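Student: Got a structure for you, questions after.
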Amino acid sequence: MASRISKSCVDEIVSRTDIVSLIGEYCNLTQRGNDWWGCCPFHQEKTPSFKVSEDKKIYYCFGCHAGGNAITFMIEYNKFSYVEALQELARRANVEISYEDGSSPVVDSGYERREQYIELYTRVASAFNYWLLNREGGKFALKYILDRGLTLETIRKFNLGWSPSDGKWLHRFLKKQGFSDEFLSDSGLFSKKYPEYSVYTDRFMFPIRDRRGRVVAFGGRLLHPKNDGTDRKYINSPELPWYKKGEILFAFDMAKQHIQQTKQVIFCEGYMDAIAYHQCGFTNAVAPLGTALTEEQVRLVKRFANTVLLSFDSDEAGQKATERAILMCRHEDLEVKIIQLKQGKDSAEIMLNYGVDTLTSDVNSAIIDSDYLLEKLLKKYPKDTPDGKAHAAAEFFNYIDVLQSSVQKSASMEQLCRGFNLNPEAAKRDFINRKSNQRMELENQRQERVESADQNQLKIGQELRALFAIISDISSAADIIEQLTADDFEDSSARNLFIVLKECCNNKNLSLENIISRCDKELQRPIVEMTSTGEFSKNAAKAVQDSFVFLKKRSLERKRIELGAKISAMSPASDEDILLLQNLLKEKMDIDKLIEAMKG
Ligand code: ZN
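Just so you know, the sequence shown maps onto residues 338 to 937 in the numbering used here.
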């Protein structure tokens, strides 16, 4: 069995983690009074209802009720396991992990291994970069890329590289550095069938970095396509435990700052396009990773930007991608503009053939998405036939539908009616009919979800509420907890929470963050909710006292009933029995007195 990370170590990790800067990596926070506020990273919203409390070291969302401490944040947001979350936070806070029984650490293989692979990728990226810039074999690739207009500075900045034509080179190189065959076979770098052969040979290499700038994957572009056309132009790393395509954007680590400053992001189609934009000064450009844009990617940039500029290829596939992206971004309430590249297929081509100024002017004359969509519909459907009007309207309704404000919706409806010369009343009726059909479907789905969620909800009983009240005033909680025992609780969740509180008291580290990191998972949210909403803060001292009395009284009443049952079951035969009965009766009388005293 793996040894547990010691509780004192968990406490240290939590106390040394700056929760504001941790969560600030995932969303924009601004200070208001003692707390920090931002738009919640767990649900979509326009006005901030997500609060991070620096001193309590907890976060809470008044919208979706997500809440917890640094550990729960890492678990909920990054989908880490508990141990992974601790390891990641320990690494950030420079805390050495210690284990419960003092034994040598049994590492959580999943996390450690992921870290090792990320280190491996970083090393491989440097080696590929070295081949490109310094080795004879990489000369052709270097010439190729310089001919496409990239500068040496850009190549260094993006750590671009070249994978040698010798398919076994990488394996030899890594074996020499001490990596095992077993480790390398799961790295995603080698062929499953021929484990000594790298999947990347004679390719121009784009390292893909996570938001912290660590290399987690590669995109490899073929330089010498074979005549038979069997080789794919691009090979991208497969999904790996440390690399989820849908959650990472190419160049995001380098673009984040500029996105944050300008509140704008450019989404483009490929690595080369993003790099070209960066080289031309648009350092807010990012690209999805060889797949269509995902909701997670849109949400990732939404935390920093309010406007999206779409710059997909001008071919048909690119146009489809543009329409899809418009709906996704509008659904997240982002403003959307379309960059129309008039003189070439993509930004890399424009930069090479026409230079920075042309690209800049294309960016500056980006058009609003509704104009773009209407223009396309006018080309697609005749505006003077009933069918043409109806088809165009039906397609444009998809757009109106995802808009988040009524003003936008009605303005876009007007645009549609003007463009296709529609009767506004009729258009509105069609839109409403369409909506009501959809709404019925959605309502059914929602009902099902609510029903299943209800079954998983923890019931907060009176005993738990009493404990919540007690810890809502943490400064006085320890004294009260001293006077209670585990026997005072009937409800098992309340008893478990009490044991955690007692343990914290014994270790003299009773604090909200420690309670949260030690208590049962389903209790974390209610605790944070209660402390963040200030449910008990109005008359804290009274709430605490009332709760204490409530718990004690209930526990005494239970005891009195037990004693009563014992006494009435007795039929004393010996002196010994009589003595026992007397004791029980005295005990019961004492309890009666205590209960009576509490009533007063
Ligand atoms: Zn939320």
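Don't be surprised by glycine CBs; every beta carbon is placed ideally from N, CA and C.
Please read all numbers here as calculations on a predicted model, not as lab measurements.
Quick one: does the C-beta of Cys842 sit closer than 7 Å to a heavy atom of the ligand ZN?
Tutor: Stepping through the sequence shown from its first residue, residue 842 is reached at position 505. No; taking the cut-off as 7 Å, the Cβ of Cys842 has no heavy atom of the ligand ZN nearer than that.
Student: Out of curiosity, what's the CA-to-CA distance linking His595 and Val693?
Tutor: Along the sequence shown, one-based indexing puts residue 595 at 258. Along the sequence shown, one-based indexing puts residue 693 at 356. The straight-line gap from Cα to Cα measures roughly 18 Å.
Student: Expressed to the nearest angstrom, what Euclidean distance is found between the alpha-carbon atoms of Met424 and Thr631?
Tutor: If you number the sequence shown from 1, residue 424 lands on position 87. If you number the sequence shown from 1, residue 631 lands on position 294. It should be noted that the sequence gives Gln, not Met, for residue 424. C-alpha separation (whole angstroms): 28 Å.
Student: On the three-pair Cβ rule with 8 Å, is the stretch 346 to 363 touching the stretch 391 to 409?
Tutor: They touch, by the three-pair rule.
Student: State yes or no: is the C-beta of Phe410 nearer than 7 Å to some heavy atom of the ligand ZN?
Tutor: Taking the sequence shown and counting its residues from 1, one reaches residue 410 at position 73. No, the Cβ of Phe410 stays beyond 7 Å of every heavy atom of the ligand ZN.
Student: Give the single residue among Cys841, Ala803, Asn846, Glu840 whose Cα lies nearest to the Cα of Pro863.
Tutor: For the purposes of this step, residue 863 is identified with residue 526 of the sequence shown, where counting begins at 1. Checking every option, the nearest Cα to that of Pro863 belongs to Ala803.
Student: For the stretch 841 to 850 against the stretch 909 to 917, are there 3 or more C-beta pairs whose distance is under 8 Å?
Tutor: Judged by Cβ distances under 8 Å, the stretch 841 to 850 makes no contact with the stretch 909 to 917, as fewer than three pairs qualify.
Student: Secondary structure at Tyr736, three-state DSSP: helix, strand or coil?
Tutor: Mapped onto the sequence shown, residue 736 falls at position 399. Helix, per DSSP.
Student: Can you look up Phe510 in the DSSP assignment and give me helix, strand or coil?
Tutor: Residue 510 sits at position 173 when you count from the first residue of the sequence shown. Helix.
Student: Assuming contact is defined by CB atoms lying nearer than 8 Å, are Asp670 and Gln741 in contact in what I supplied?
Tutor: Counting from 1 along the sequence shown, the entry for residue 670 is found at position 333. Counting from 1 along the sequence shown, the entry for residue 741 is found at position 404. It is a contact, given that the beta carbons lie within the stated cut-off.
Student: Using DSSP bridges, identify the partner residues of Gln368.
Tutor: Counting from one through the sequence shown, the residue named residue 368 turns up at place 31. In DSSP, Gln368 forms a bridge with Trp373.
Student: Based on the DSSP output, what are the partners of Asn573 in its beta bridges?
Tutor: Here residue 573 refers to the residue found at position 236 when the sequence shown is read from its first residue. The partner list for Asn573 (beta bridge, DSSP) reads Gly556.
Student: Going along the chain, which residues put their C-beta within less than 6 Å of some heavy atom in the ligand ZN?
Tutor: Ordered along the chain, the selected set is Cys377, Phe379, His380, Phe387, Cys398, Gly400, Cys401, Ala403.
Student: If we call anything under 8 Å between Cβ atoms a contact, is Glu827 one with Glu800?
Tutor: Translated into positions along the sequence shown, residue 827 becomes position 490. Translated into positions along the sequence shown, residue 800 becomes position 463. Result yes, Cβ atoms of Glu827 and Glu800 sit closer than 8 Å.
Student: Hey, out of Gly361, His380, Met688, Glu751, whose CA is closest to Asp372's CA?
Tutor: Start at 1 with the first residue of the sequence shown, and residue 372 comes out as number 35. Comparing Cα positions, the closest option is Gly361.
Student: May I ask you to list the residues that DSSP assigns as paired with Trp499?
Tutor: Residue 499 sits at position 162 when you count from the first residue of the sequence shown. According to DSSP, which records beta bridges pairwise, Trp499 is partnered with Phe541.
Student: Closer than 8 Å is the cut-off here; do at least three beta carbon pairs connect the stretch 688 to 705 with the stretch 727 to 737?
Tutor: Counting Cβ pairs under 8 Å, fewer than three are found: no touch.
Student: In this structure, what does DSSP give as the bridge partners for Ser702?
Tutor: By 1-based counting over the sequence shown, the position of residue 702 is 365. According to DSSP, which records beta bridges pairwise, Ser702 is partnered with nothing at all.
Student: Considering only the beta carbon of each residue, do Ile904 and Leu921 sit closer than 8 Å?
Tutor: Working through the sequence shown from its first residue, we reach residue 904 at position 567. Working through the sequence shown from its first residue, we reach residue 921 at position 584. Yes, the Cβ-Cβ distance between Ile904 and Leu921 is below 8 Å.
Student: Touch check for the stretch 425 to 437 and the stretch 867 to 886: three-plus C-beta pairs under 8 Å?
Tutor: The stretch 425 to 437 vs the stretch 867 to 886: no contact.
Student: How far does the beta strand (DSSP E) with Gln601 in it reach, from first residue to last?
Tutor: The residue you call residue 601 lines up with position 264 of the sequence shown. That run of the beta strand (DSSP E) goes 601 to 605.
Student: For Ala478, is the classification buried or exposed, using 16 other Cβ atoms within 10 angstroms of its Cβ as the cut-off for buried?
Tutor: By 1-based counting over the sequence shown, the position of residue 478 is 141. Buried, because 16 or more other Cβ atoms sit within 10 Å of the Cβ of Ala478.
Student: Does the distance from the CB of Asn471 to the CB of Gly498 come in under 8 Å?
Tutor: For this step, residue 471 is matched to residue 134 along the sequence shown. For this step, residue 498 is matched to residue 161 along the sequence shown. Cβ distance not < 8 Å, so Asn471 and Gly498 don't count as in contact.
Student: Could you please give the first and the last residue of the uninterrupted beta strand (DSSP E) stretch that includes Leu647?
Tutor: If you number the sequence shown from 1, residue 647 lands on position 310. That run of the beta strand (DSSP E) goes 644 to 648.
Student: Looking at Glu866: is its Cβ nearer than 8 Å to the Cβ of Lys393?
Tutor: Within the sequence shown, residue 866 is the residue found at index 529, counting from 1. Within the sequence shown, residue 393 is the residue found at index 56, counting from 1. No, Cβ-Cβ distance for Glu866 and Lys393 is not below 8 Å.
Student: Going along the chain, which residues of its own chain have a beta-carbon closer than 7 Å to the beta-carbon of Tyr414, five neighbours each way excluded?
Tutor: Residue numbering aside, residue 414 sits at position 77 when the sequence shown is read from its first letter. Once the five neighbours on either side are set aside, the close Cβ partners of Tyr414 are Tyr363, Pro378.
Student: By alpha-carbon positions, which one of Ala554, Glu924, Lys674 ends up nearest to Gly901?
Tutor: In the sequence shown, the residue the question calls residue 901 occupies position 564. It is Glu924 whose Cα lies nearest to the Cα of Gly901.
Student: How about Ile455 and Val553: are their beta carbons less than 8 Å apart?
Tutor: In the sequence shown, residue 455 corresponds to position 118, counting from 1. In the sequence shown, residue 553 corresponds to position 216, counting from 1. Cβ distance < 8 Å, so Ile455 and Val553 count as in contact.
Student: If we count Cβ pairs, one from each stretch, closer than 8 Å, do we get three or more for the stretch 567 to 579 versus the stretch 528 to 535?
Tutor: Contact fails: fewer than three Cβ-Cβ distances are below 8 Å.
Student: Go to Cys842, then tell me how far its alpha helix (DSSP H) extends in each direction, as first and last residue.
Tutor: Here residue 842 refers to the residue found at position 505 when the sequence shown is read from its first residue. 829 to 843 is the span of the alpha helix (DSSP H), which, as asked, contains Cys842.
Student: Got a sec, what are the start and stop residues for the beta strand (DSSP E) Ile395 sits in?
Tutor: Reading the sequence shown from its first residue, position 58 is the one you call residue 395. That run of the beta strand (DSSP E) goes 395 to 398.
Student: Considering only residues of the same chain and omitting the five flanking positions on each side of Gly583, which have a CB-CB separation below 6 Å?
Tutor: Counting from one through the sequence shown, the residue named residue 583 turns up at place 246. Correct list, in chain order: Thr631, Glu633.
Student: Below 8 Å, can you find three or more Cβ-Cβ pairs linking the stretch 889 to 900 to the stretch 853 to 860?
Tutor: Verdict: no, contact absent.
Student: Out of Leu487, Gln752, Met542, point me to the one whose CA is closest to Gly556's CA.
Tutor: Counted from its first residue, the sequence shown places residue 556 at position 219. Minimum Cα distance to Gly556 is reached at Met542.
Student: Specify whether the stretch 682 to 696 and the stretch 607 to 614 touch according to this definition: at least 3 beta carbon pairs, one from each stretch, less than 8 Å apart.
Tutor: Taking 8 Å as the limit for Cβ pairs, the verdict is that the stretch 607 to 614 does touch the stretch 682 to 696.
Student: Quick check on Tyr436: does DSSP put it in helix, strand or coil?
Tutor: In the sequence shown, the residue the question calls residue 436 occupies position 99. Tyr436: strand per DSSP, three-state reduction.
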